[in-house]
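Novice: Residue numbers (mature numbering (1 follows the signal peptide of the UniProt record, and there is no 0)): -20 to -1, 1 to 58.
#1: Using the beta-carbon count (16 or more within 10 Å), is residue 6 buried or exposed?
#2: Is the separation between the beta-carbon of residue 10 and that of residue 44 shorter than 9 Å?
#3: On the DSSP bridge list, what partners appear for residue 44?
#4: Three-state secondary structure (DSSP) at residue -5?
#5: Output the boundary residues of the beta strand (DSSP E) element that contains residue 19.
#6: For residue 19, is the classification buried or exposed, using 16 other Cβ atoms within 10 angstroms of its Cβ as the cut-off for buried?
This is the structure:
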């Protein structure tokens, strides 16, 4: 029984670390100077300076990858 609990706990820890959130959508507007992307859904994301900001334009579909807490952009994918 103890081995089963230990295995379940280890699995829960490993899967929790892999749960990063993402947001897919179409770009409504982008302010490259301020590094803010606004999607058509109304969601806005500020891209940190240490994250590459691809050359995107309004109307393009993108995916924004966030950290586990969902409060920091980790990447922007076209």
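Just so it is clear, CB atoms sit at the ideal spot from N, CA and C, and this is done for glycine as well.
Specialist: Answer, in terms of the structure:
#1: The residue given as residue 6 occupies position 26 in the chain shown. Residue 6 is exposed by the Cβ-count criterion.
#2: Numbered from 1 along the chain shown, position 30 holds the residue referred to as residue 10. Numbered from 1 along the chain shown, position 64 holds the residue referred to as residue 44. No, the Cβ-Cβ distance between residue 10 and residue 44 is not below 9 Å.
#3: Working through the chain shown from its first residue, we reach residue 44 at position 64. As computed with DSSP, residue 44 is found in a beta bridge with 3, 56.
#4: As a working mapping, residue -5 is identified with position 16 in the chain shown. In this prediction, residue -5 scores a pLDDT of 47, lower than 50, which makes its location untrustworthy; no coordinate-derived value is stated.
#5: The residue labelled residue 19 in the question sits at position 39 within the chain shown. Where residue 19 is concerned, the enclosing beta strand (DSSP E) starts and stops at 16 to 19.
#6: Numbered from its first residue, the chain shown carries residue 19 at position 39. Per the 10 Å Cβ criterion, buried.
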